[in-house]
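Q: Residue numbers (our numbering), protein chains in the order written: chain A, 988 to 1341; chain B, 988 to 1341; chain C, 988 to 1341; chain D, 988 to 1341.
For every residue, glycine included, the Cβ atom is placed at its ideal position computed from N, Cα and C.
Just passing along the structure, written as structure tokens.
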């Protein structure tokens, strides 16, 4: 599979177009210099000399073009790359929606991944209680953090392997596949032993060593959008995983940084149809981290499904005020059950299942 | 009505709390200075001296407190205002959702305002054709710009009064109330003659003279969120209109500026439940300006209704590529009809009508 | 002058290039449709058919091209405009730096405008005291607001004409030209009577009616960057004033909205050399509004001059804690004098005068 | 040293104040519930009952308070933490500026770190040539990347250990200490063998495992601000390194993501005095990555020094157009020499040395 993907990637890679716009006062010698450099690359420049400007188009192998910072050549004003910088993740690569299987649960192609659970795993009792509630309400994947990326070194850092064991056994007890975050490439074998899906957190979306090594596993990946990542950056990070041979990537919109100070982040809901247009990968929404406000989560969960998301990721805790991490943004189980009841109707309306 | 509102505003205004946190190394003399100044204001400071910090709480008349920049007093580290800075627009002012009537159409309290039409009014024929299409598809308010705020002075600036006349007569012909933008306080009487609802554009959300004078009319207002306005800024601008005596304000989320470069703006969908928690005013969503991409509009329109919006504002043009303004972001009539069909089902699911 | 500017603008306007990138799977019929439409515009399309993509270049009159939203034509993926959207403001229009005269003071071309004064004019006594201090410290233009754009309708709104009179007479007494904000086109004649320079506030940077009418005067303009305006937006707003015939525009960087929560705005210092590369207009920096923090103003004022700014705009108040508006961000006169002493040395190092 | 730091950290940690603001309509029972929970934490609540609101102040051990998400308790409207969340990095911890030694070079306390070199190490010849140029121009630390974090998996990823060897030997040949990026905790021993200073890239600023393990070395660290990190986030990441026992942290402002599309990032120049007010750690500026535009680098380098930065980090390449990574943003050696000549004069003016 990996070889096949790599081959197709190679093939796909070939297509790129660069538009090189020269400055208004470029001399013929400078134009000649640019043209010459393009020839040195084994490429054929298409020069269009207008009354006011000269433009050079180049079609060719992206790797060669990327490696040559044409922008720095004297006389060049702008270099406009026309092709998208990701390939295996692109809609052109696959017209058909990818469906990712997490245990027996499917995400994508009409199947919704309803992920729920506490931010951090605190104890078997608490997790078990929450799992019971969310399963009953309709969740199909259990989440919980054993390793926590915390902004402050003095905050609770997670239970580690003990947490992973709890997650696995509680997931099994409730017949739910589980997802948990992996933060360090060295944790991959350990975490893989206990989980059905890796989560790559927002802070690690561009931890490229981590992405590559997760790409060498077959375990599905829930890839959260970085706090200031564009939709293209997100797809490029997915490309890292795909290009190593792991095709099981589910993207997750979880809000980006903005000037708005009444929510934790700004949920970019348009990322859902935007990703669907550019990529075949499934995308879910996490309104818990995006808003940081339990009062906004229900409306945002509904909107996500209406926007076409392939699932919703919600933090649920039976006692948010006692939670050791991110408590305030968690929903109480009864509130979660209520939201799920409404989502059920929406899902039916849109012909989605879970 | 205006007097009543003003009275209640006065009353409401009284409540404010300031928490003044002093710096760690504040001297007793500095503390005394702060305390003295608060007394000078006729207020009673509550001093809490901790082991490491001194904190002073002040409860009193907001106007007095605001007028005194306590932050600049030596020894003061932070001043934290506790009360919300808007009042008439606040949910505390009215637990009940406000319903705004635009002609015979209602917006808010379960009634959806489905506003549609071209960006700019170009000719009677084109507007009439579009109006026919959107009315049939379910729109209940017709929009069209006669005065256009354009970033470039060389762009089409609108037809002016001629455009207003066309809008009025086409609206009447199709039995639809109309909304159009007013950009300058001097245009108010002219625009008011022809329109059922003023639009205040994003670029004018903090044009306070305009807000005040619109506040002195009784004509409903569609107030668009500024490109870098927080939700609180938006409510504060609504407060300008309300405090002058015009209670008929409908807010509109239309995206804010962000680093994401694949959409025109970033649609802050969470503003919908966020506004609903803080205010009794109706809020609709404009996915056309928010995304600038027709391919994302349908999903965002659906999501808006699911998020609880009181309506959707969509640009429709029978030939977007010929439109004199903002063409690329307009939907074609058949696409609009299709979206409206789906919204109808969603609206039914949520018990909303239009 | 106006006619000349208009003529040159017309001339300048002609030059524009659009690169139209078609989608990968465009049919020959679709290509034909695009080509045909370009011909209808009286323009000559240059079609480049690559192995994978077709690209069409168009060089022609910008007005025609802008009026035609090519992006909406079926088959078109991207339309890339190559030319800058402003002209009279552009560096191409004038290689030489513009010098704006405000009374006897010059800004630009090596001359620094050192603007200082309180946010709002509160009384003759207070303004007179502050003017004495800042003049002595080296300021050459006095500022003070008579009409204040306030986010809250309940905040102090300025003294109006009474404030203008005070400003004029205090300026005259200290032999300093004065600058004050104008918010409404109807105030222009009144404000013009008393001031040497109009300030256009950040909130009004895209109040196009205001810009146009100020463009019809000859009074110099201090144009503040909008809170979410790009550098290009700022230059486009300057273009509004220039294109009406008023060439005396001084730009002002005053910070933009961002996620950083420890400063009021984010001072975009790179806007200084960025504007200087794109435009011949002078640009000054306002660290007071940009940071909102007196402790950061001195360092930012120094950095502005080192970055090449044509002046610095600083709020000074003899009692910031008593100021009726924006007090906390004002410097005390002794602090201002200290900063100015250092700026003097920097200015000498860079060969700037004031 | 580590024990001492840890001890002081413990001591320092104790101080925190939380202001808990209850909702307007809180019942006495709810207030009692909040108070009770605070007592359960072994803390003493200070209840202030106003006419309209109840406020509870708590002073105590931050760890206990942080672990309890008070915000989620019914009746609580806002929880306002008063103390800064970092300690060892804070100005309160050390009034004296920290000076970090990188080989024989000092950064901080009046000594400037002038870091220069190519983005990526491409070959011994190229690096040697560049090192010769920058050393002669006044640079005192050589930079170059052996492991490159690249947004696209198809871009040049660095020479790895071969690159480190080249860096070391070229640095030694020119008598310059060297700095290079480390991306993965497993690379620490390898990279440490060859480098005098670790660089933590913007994308890894919150890779907490990396931070902790670098904190366990004694090698100085150049910590770049994340693309959407606030100044507080940056200091918190420094705290991770400090709290593990490595006190040698130099911060680096390198621009943040913004809506401005004419520069690669937005250089937040005010971060320099802002950090200096909050922390004792040195901070340098990287105008190359911040702007992505060689034409803006000179002005921004000058402004950085004028703003009080402890150094400047500039990319220099003898042939930017041939560079394998980030070429367009590099300065040519003659341009760099010119900038350095001006910086020399600025440094003298401010009494800084290098």
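Provide the residue span of the beta strand (DSSP E) that contains residue 1211(A), from first to last.
A: Run containing residue 1211(A): 1208-1211, per the beta strand (DSSP E) assignment.
Q: Quick one: residues in its chain with C-beta nearer than 6 Å to the C-beta of residue 1124(A), no 5 flanking neighbours on either side, listed in chain order?
A: 1323, 1324, 1327, listed in sequence order.
Q: For residue 1085(A) and residue 1260(A), which I take to be in contact (beta-carbon distance under 8 Å), what is that distance rounded to the nearest angstrom?
A: Contact flag wrong, Cβ pair sits at about 16 Å.
Q: Alpha carbon to alpha carbon, how far is residue 1244(D) from residue 1249(B)? Give it in angstroms, no decimals.
A: Computed Cα separation, rounded: 15 Å.
Q: Provide the residue span of the alpha helix (DSSP H) that contains residue 1230(C), from first to last.
A: Here the alpha helix (DSSP H) through residue 1230(C) covers 1218-1230.
Q: Compile a chain-ordered list of the residues in the segment 1216-1250 of chain A whose CB is closer than 8 Å to at least one CB of chain C.
A: The residues in question are 1244, 1245, 1246, 1248.
Q: At a CB-CB cut-off below 7 Å, which residues of chain B make contact with residue 1278(A)?
A: Simply 1257.
Q: For chain D, check one thing: does any of its Cβ atoms lie closer than 8 Å to the Cβ of residue 1054(B)?
A: Reliability fails at residue 1054(B), whose pLDDT of 46 lies under 50, so the model's placement of it is uncertain and no value is given.
Q: Out of 1095(C), 1020(C), 1215(C), which has the shortest C-alpha to C-alpha gap to residue 1063(C)?
A: If we check each option's Cα against that of residue 1063(C), 1020(C) comes out closest.
Q: Look at residue 1292(C) and residue 1258(C) and say whether their C-beta atoms are less than 8 Å apart.
A: In this structure, residue 1258(C) does not lie closer than 8 Å to residue 1292(C) by Cβ.
Q: Are the CB atoms of residue 1177(B) and residue 1149(B) nearer to each other than 8 Å?
A: Result no, Cβ atoms of residue 1177(B) and residue 1149(B) do not sit closer than 8 Å.
Q: Which chain B residues sit within Cβ distance under 8 Å of residue 1336(A)?
A: In chain order: 1332, 1333, 1336.
Q: At least one CB of chain F closer than 8 Å to the CB of residue 1289(B): is that the case?
A: The chain labelled as chain F is not found among the protein chains of the depicted structure, namely A, B, C and D.
Q: Nearest chain C C-beta to residue 1107(D) closer than 8 Å, yes or no?
A: It does not; no Cβ of chain C falls within 8 Å.
Q: Going by other Cβ atoms of all chains shown within 10 Å of its Cβ, with 16 needed for buried, is residue 1012(B) buried or exposed?
A: When all chains shown are included, residue 1012(B) counts as exposed.
Q: Name the DSSP beta bridge partners of residue 1340(A), please?
A: DSSP lists 1098(A) as partners of residue 1340(A).
Q: Go through its chain and collect everything with a Cβ distance to residue 1337(A)'s Cβ below 6 Å, but skip five positions before and after it.
A: Excluding sequence neighbours, residue 1337(A) sits near nothing in its chain.
Q: Strictly below 7 Å CB to CB, what residues from chain A border residue 1040(D)?
A: Ordered by position in chain A, no residue passes the 7 Å Cβ test against residue 1040(D), which lies about 19 Å from the chain.
Q: Taking 8 Å as the limit between beta carbons, can you name the residues of its chain near residue 1251(C), skipping five residues before and five after?
A: Cβ within range, chain order: 1242, 1276, 1277, 1278, 1279, 1280, 1316.
Q: So, at 6 Å on beta carbons, what are the nonlocal neighbours of residue 1265(D) in its own chain, with the 5 sequence-adjacent residues on each side left out?
A: 1078.
Q: Spell out the partners DSSP gives residue 1103(A) in its beta bridges.
A: In DSSP, residue 1103(A) forms a bridge with 1129(A), 1301(A).
Q: With 7 Å as the C-beta to C-beta threshold (strictly closer), list the residues of the segment 1170-1185 of chain B near chain C in chain order.
A: So the list reads 1170, 1171, 1172, 1173, given in the order they occur along the chain.
Q: Spatial neighbours of residue 1054(D) within its chain, please: CB distance less than 8 Å, with the 5 preceding and 5 following residues excluded, ordered by chain position.
A: At residue 1054(D) the pLDDT is 46, less than 50, meaning the model places this residue with poor confidence and gives no usable figure here.
Q: The beta strand (DSSP E) spanning residue 1348(D) covers which residue range?
A: With chain D running from 988 to 1341 in the structure shown, residue 1348(D) is simply not present.
Q: What residue range is occupied by the uninterrupted beta strand (DSSP E) comprising residue 1167(D)?
A: Per DSSP, residue 1167(D) belongs to the beta strand (DSSP E) from 1165-1168.
Q: Starting from residue 1035(B), find everything on chain D with Cβ-Cβ shorter than 7 Å and list it in chain order.
A: Simply 1033, 1044.
Q: In the segment 1257-1276 of chain B, which residues sit with their C-beta less than 9 Å from some C-beta in chain A, listed in chain order?
A: Going along the segment 1257-1276 of chain B in chain order, one finds 1257, 1258, 1259, 1260, 1261, 1263, 1264, 1265, 1274 with a Cβ nearer than 9 Å to chain A.
Q: Taking C-beta pairs closer than 8 Å, name the residues in chain B that residue 1067(D) reaches, listed in chain order.
A: Under the 8 Å cutoff, chain B gives 1006, 1067.
Q: If you compare alpha carbons, which of 1187(A), 1118(A), 1157(A) is closest to residue 1134(A)?
A: That would be 1187(A), whose Cα lies nearest to the Cα of residue 1134(A).
Q: Determine the closest residue to residue 1026(A) out of 1219(A), 1044(A), 1162(A), 1215(A), with distance taken between C-alpha atoms.
A: Considering only alpha carbons, the answer is 1044(A).
Q: List the endpoints of the continuous alpha helix (DSSP H) containing residue 1021(B).
A: It spans 1015-1027 - the alpha helix (DSSP H) in which residue 1021(B) sits, taken as one unbroken run.
Q: Report all residues from its chain with a CB closer than 6 Å to the CB of residue 1207(C); omit the five preceding and five following residues, and keep chain order.
A: If we look at residue 1207(C) and ignore the five residues flanking it on each side, its Cβ neighbours are 1087, 1089, 1184, 1235.
Q: Among the candidates 1115(D), 1295(D), 1329(D), whose CA atom is the shortest distance from the CA of residue 1130(D)?
A: Taking only the C-alpha atoms, the option nearest residue 1130(D) is 1115(D).
Q: When the Cα atoms are used, what is the spatial distance from residue 1111(B) to residue 1306(B)?
A: Spanning the two alpha carbons is a distance of roughly 15 Å.
Q: Once you ignore the five residues that flank residue 1082(A) on each side, which residues in its own chain have a CB closer than 8 Å to its CB?
A: Cβ neighbours of residue 1082(A) beyond the five flanking positions: 1267.
Q: Compute the Euclidean distance between the alpha carbons of residue 1101(A) and residue 1008(C), then round it to the nearest angstrom.
A: Rounded to the nearest angstrom, the two C-alpha atoms are 39 Å apart.
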